[in-house]
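Trainee:
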Amino acid sequence: NPNLSSRRAAVMLNISRSTILRSLHKDGRKAYHFRAVQDLLPEDYVKRRNYCNWSLNKVQVDGDFLHKVCWTDEASFTRTGITNYHNLHIWSQHNPCEVRARKFQHQFSVNVWIGVISNNLLGPFFLPARFLAQLFLDFLQNNLNYLMDDVPLHLRANGWFQMDGAPPHFVRNVRNWITEHYGNQWIGRFPGEVENNHEGPISWPPRSPDLTPLDFFIWGYLKEKVYRVPVRNREELVLKIQEACDELRRNNHILSAAINSITRRCQPST
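Just so you know, we're using the numbering used here here: the sequence shown kicks off at 5 and counts up by one.
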């Protein structure tokens, strides 16, 4: 039974746990943790396969294609954030019975937009508490260009724009603005659900956070930095997010590595 713990196996077989672990290591086995992913619906598989095939074809023609996409997403940072109990340890001679508070009388949160194109991190831009379509359009019209000031001109002129299809991304005015500024070179959600082709725009596959570097890497990286020490108030939360983003900019080779991994992530889906 691959789900059986080494302790339980030792009890059942009446041998020491160290013997169990030595046998597993000798056999080349390692412990792997389950990763939570979104379950695909039956109709999602074709859309995902089409998108992955399209991505791989684009990379075959232009090896730098994925670095010419402006990957974007929004996330909510709360007071408590995400605690990974497996990686949360305190080393001490005595058990300090450390408990990290999870419930607070005073709650606060911030909504954040971030983009990444090649090794350039855009943002963070702090969004209103209620993220509505008109507010997203205002952001595109008034703030996006400013956030892209440091992006090389050739990426701005010839790049693609990606959105994951959240409700504010889907309204006509937003889609019209994206088309006006990017032509058909954008990835997102739109009526009709046409099959992907080489003309664009391209349909983003539903329930596929593992295909965008914001979801599969950047949010987790930032939240790990932000919540290393408990956050006391909203102002401190905003400051920690900004500091974590600045640190990621200083280590921007990580962004390129994350984008490079998209090719591998697309391959099993073809």
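No residue lacks a Cβ here, since even glycine has one placed at the ideal position from N, Cα and C.
#1: Roughly how many angstroms lie between the CA atoms of Ile263 and Ser122, to the nearest whole one?
#2: What do you get for Lys227, buried or exposed, if any count of 16 or more other CB atoms within 10 angstroms of its CB means buried?
#3: Measure the C-alpha to C-alpha separation of Val120 and Arg21 and round it to an integer number of angstroms.
#4: In the DSSP assignment, the alpha helix (DSSP H) including Glu228 goes from what residue to what residue?
#5: Among the residues of its own chain, which have a CB less than 8 Å from the CB of Arg253, if the five just before and after it don't count?
#6: Are the stretch 135–154 and the stretch 242–252 touching, with three or more C-beta to C-beta distances below 8 Å?
#7: Considering only the beta carbon of each residue, do Ala79 and Val116 sit closer than 8 Å?
#8: Where in the stretch 116–197 do unbroken runs of the beta strand (DSSP E), each at least 3 residues long, occur, reported from the N-terminal end onward?
#9: Can you round the beta-carbon distance between Trp75 and Pro209 to whole angstroms, since I take them to be within the 8 Å contact cut?
#10: Given Trp190, which residues of its chain have a CB within under 8 Å of its CB, disregarding the five upstream and five downstream residues?
#11: Between Phe130 and Val15, how many whole angstroms is the CB-CB distance? I'm expecting something under 8 Å.
#12: May I ask which residues mark the beginning and end of the alpha helix (DSSP H) holding Val65?
#13: Closest to His185 by C-alpha separation, out of Asn149, Ser265 and Ile118, would be which residue?
Mentor: Quick answer:
#1: Here residue 263 refers to the residue found at position 259 when the sequence shown is read from its first residue. Here residue 122 refers to the residue found at position 118 when the sequence shown is read from its first residue. Each residue's Cα considered, the two are about 7 Å apart.
#2: Position 223 of the sequence shown, counted from the start, is the residue given in the question as residue 227. Lys227 is buried by the Cβ-count criterion.
#3: Taking the sequence shown and counting its residues from 1, one reaches residue 120 at position 116. Taking the sequence shown and counting its residues from 1, one reaches residue 21 at position 17. Spanning the two alpha carbons is a distance of roughly 46 Å.
#4: The residue you call residue 228 lines up with position 224 of the sequence shown. That run of the alpha helix (DSSP H) goes Trp223 to Val230.
#5: Numbered from 1 along the sequence shown, position 249 holds the residue referred to as residue 253. Answer for Arg253: Leu125, listed in chain order.
#6: no
#7: Working through the sequence shown from its first residue, we reach residue 79 at position 75. Working through the sequence shown from its first residue, we reach residue 116 at position 112. Contact: yes.
#8: 124–131, 164–166 and 190–192
#9: Along the sequence shown, one-based indexing puts residue 75 at 71. Along the sequence shown, one-based indexing puts residue 209 at 205. Not quite, the Cβ-Cβ distance comes to about 14 Å (not below 8 Å), so this is no contact.
#10: Taking the first residue of the sequence shown as position 1, residue 190 is located at position 186. Hits under 8 Å: Trp164, Phe165, Gln166, Met167, Ile182, Thr183, Gly204, Pro205 and Ile206.
#11: On the sequence shown, residue 130 is found 126 positions in, with the first residue counted as 1. On the sequence shown, residue 15 is found 11 positions in, with the first residue counted as 1. Not really, about 52 Å apart at Cβ, beyond 8 Å.
#12: For the purposes of this step, residue 65 is taken as the residue at position 61 of the sequence shown. Per DSSP, Val65 belongs to the alpha helix (DSSP H) from Asp48 to Val65.
#13: Position 181 of the sequence shown, counting from 1, holds the residue named residue 185. Minimum Cα distance to His185 is reached at Asn149.
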